[in-house]
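So the sequence lines, in the order shown, correspond to chains R and G.
Converting from the first sequence to the working numbering requires adding 10 to each position, the first position being numbered 1.
Converting from the second sequence to the working numbering requires adding 373 to each position, the first position being numbered 1.
Ideal placement from N, C-alpha and C gives every residue a C-beta, glycine not left out.
I have placed the structure first, in the form of structure tokens, so that the comments after it can refer back to it.
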Amino acid sequence: MLDPDLKRISRRPVLLVSAALALLTGLPQGALADRATDARLLASQCSQCHGTNGVSAGGIDSLAGSEYQDLVDKMMDMGRPGETGDIMKHQAKGYTTYQIMLIAEYFASLPKSGDD
Amino acid sequence: MTKDPLLSQSRRDILLGASAGVMALSAPARLRAATPKHVLVAGGGFAGSTAAKYLRVWGDPSLQVTLVDPEKSHTSCVMSNLVLNRSLRLRDLRFPLSGLESYGVTVLRAKVDKVDPAAMSVKLDSGETVGYDKLVLTGGVSFIGPDGWSARTAPHAWKAGAQTTLLRNRIEAMPAGGTFIMTIPKSPYRCPPGPYERACTVAEVLHSNPGARVVVLDANAGIQATKVSFTRAFNELYSGIIDYRPNVEVESVEAGAGLVHTNAGTFRGDVINIIPTHRASALVRRAGAVPKGSKWAPVDPLSYASTLAGYENIHVIGDSQGTGQPKSGHMANAQAKVCADAILRILAGESIDTLARVRAVTTNSACFSPITADEASWLTAVFAYDETTGEMRVVPGSLAESGGWSRENYREMFDWSNNLWTDTFK
Ligand SMILES: Cc1cc2nc3c(=O)[nH]c(=O)nc-3n(C[C@H](O)[C@H](O)[C@H](O)COP(=O)(O)OP(=O)(O)OC[C@H]3O[C@@H](n4cnc5c(N)ncnc54)[C@H](O)[C@@H]3O)c2cc1C
């Protein structure tokens, strides 16, 4: 895990910082853009079930526009040892804390989908 | 204003981005190559359609993406066992490839006949030669049948379409108290739980045919996936109907006489469903992407680029690649995204093996199997890139199965497949 200090980082989702910077400068910042590209790749692995760009085709929750902290908390809760019996509880165990943070940053940076 | 259509397209994109505010600006990602590049994707199944779509969704607007497939629509194998009991119709499983045109993918209805890695071009069955900067090969699987076998007399129904209908008709025409024989090839084959799921579906249909039996001849030493659910289903739910025999390898078939000859003797059946040994698609093999003595294409899981010398610009995804990950539609979609991301970075001159990128390379599988007419089980796993071995590895704790079946799972199966199809074909 690259950053074990989840709580500190979690108050500053980097994609949103990057978005703010980008708005000021008009251009994405190199390193931050890389991080966003990595986050996008990770998050795209949720799309088989949660829809392209986190907008579900129905029946399964959309993730686009989720609250960053909410998504991190949910994934961390489901990923606890002993939490079993549901696909997402096992999927959640498949990612490091760092990966979960990136995924949450990505979906939090997208506009909420129209269906809710 | 410029007259260059590519440039004006990207300007429009920038304007759209500005109005969309935070989202578009925080998105990194339109990695720009120096000159417009062309990626050709051969095969519009789960792997190819996802790759073509995501190359356009993520790529610079100037990136040209062509998808080549001889079929107008892809017929999904995923959920096709449900055609056997008429829960679904074949047409529910057809996805027009033109659905990807809205992303700017050029869809060509043709077969790729030849690949010339040195010239970086392919030859189509129309006679046309098309060049590429990057080539993505798919094609699914091809079969090595036992002696005497023909798909007409002993259907595999392991590629959805006419074969599925043929098998369904045979099952429906089975005589009273008849025997259905199905054979399972040695792993790896596409959809590890698929054959066991089919045994359950057929057994369920045959409930109304007293005395009818389903004989499952498995070349493997045991059930290959979702083992807890299928073992219970075979032993409890369908005991007396399903006769499961591990370690039975087919040697030859005489379909006219209803005979299947194996290393464990000869079996007689009224309907014979041979699922033959699998290997990479003819497309991938003919391209030279499978070494002699091997069945699958060796690739680097950071990009799915072939590891063979001279094949640096050729990527292989889906069932034909040989990383050892389960051969499933969900997985083919997952690999396509890693491949698309790698191609875009490579075309933009960026590296694909920085520590941060390597740690963002994951895939996953989720698979639902109907067990009864309205109950299903599931199986799931997450794979991550292992920095020491350079292979994709199951993350401990993520591999799990439902350990039973329920109506809720059956409902979720439709939500899952609908989302998977939409993420892939629409
Ligand atoms: C009965 C059954 C049930 C299944 N259930 C599931 C499930 O529940 N979940 C799951 O995830 N997976 C399931 N699968 C597995 C899944 O269907 C495959 O793993 C998946 O289709 C592989 O994707 P692919 O793109 O490699 O191949 P395919 O999806 O088979 O696509 C190959 C495409 O290539 C095209 N093509 C072939 N040759 C050429 C050529 N020369 N030029 C151009 N195009 C060409 C074909 O027309 C086709 O469109 C199931 C499979 C079966 C048989």
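Query	Result
Are there three or more Cβ pairs, one per stretch, closer than 8 Å when the region 721-728 of chain G is compared with the region 689-700 of chain G?	no
In chain G, which residues lie with their C-beta within 7 Å of the C-beta of A67 of chain R?	N791, N792 and T795
What in chain R is Cβ-close to D788 of chain G, meaning under 9 Å?	C59, S66, A67, G68, G69 and I70
DSSP state of L120 of chain R, grouped into three classes?	coil
Counting only beta-carbon separations shorter than 7 Å, does E781 of chain G have a partner in chain R?	no
Which runs of the beta strand (DSSP E) spanning at least 3 residues fall entirely within the region 647-724 of chain G, listed in chain order?	650-653 and 687-689
Is R563 of chain G near K700 of chain G, with beta carbons less than 7 Å apart?	yes
State the start and end residues of the unbroken beta strand (DSSP E) segment that holds D80 of chain R.	It is not in any beta strand (DSSP E) - D80 of chain R instead sits in the alpha helix (DSSP H) that spans Y78 to M88.
Relative to the C-alpha of G69 of chain R, which candidate in G:S515, G:N792 and G:T797 has its C-alpha closest?	G:N792
Does the Cβ-Cβ distance between G512 of chain G and S693 of chain G come in under 7 Å?	yes
Quick check on the burial criterion: 16 or more other C-beta atoms within 10 angstroms. Buried or exposed for S76 of chain R?	buried
Mapping DSSP to helix, strand and coil, what is Y569 of chain G?	helix
Is any heavy atom in ligand 1 found nearer than 6 Å to the beta carbon of H447 of chain G?	yes
For the region 46-57 of chain R, enumerate the residues whose C-beta is nearer than 9 Å to any C-beta of chain G, in chain order.	A46, T47, D48, A49, R50, L51, L52, S54, Q55, C56 and S57
Consider the C-beta atom of T736 of chain G and the heavy atoms of ligand 1; say whether any pair is separated by less than 6 Å.	no
Please report the residue range of the alpha helix (DSSP H) in which H60 of chain R lies.	S57 to H60
If you check the beta carbons only, do A682 of chain G and A670 of chain G fall under 7 Å apart?	no
Thinking C-beta only, is V82 of chain R closer than 7 Å to A114 of chain R?	yes
DSSP state of N792 of chain G, grouped into three classes?	helix
How far does the alpha helix (DSSP H) with E545 of chain G in it reach, from first residue to last?	A535 to E545
Taking P769 of chain G as the reference, which of R:G104, R:P121, R:Q79 and R:M86 has the closest Cα?	R:G104
Using only the heavy atoms of ligand 1, determine whether one of them is closer than 6 Å to the beta carbon of N782 of chain G.	no
Going by the CB atoms, is the gap between G472 of chain G and K799 of chain G shorter than 7 Å?	yes
Who are F741 of chain G's beta bridge partners in DSSP?	G:W751
CA-CA distance, V488 of chain G and V414 of chain G?	12 Å
Confirm, please, whether the CB-CB distance from D643 of chain G to T552 of chain G is below 7 Å.	yes
Near V441 of chain G, what residues of its chain come up, given a Cβ to Cβ distance below 6 Å and the 5 sequence neighbours on each side ignored?	A415, L481, A483 and V485
Can you list the residues of chain R that V451 of chain G reaches, using a CB-CB cut of under 9 Å?	What V451 of chain G touches in chain R: nothing, since even the nearest Cβ is about 11 Å away.
K445 of chain G: buried (16+ other C-beta within 10 angstroms of its C-beta) or exposed?	exposed
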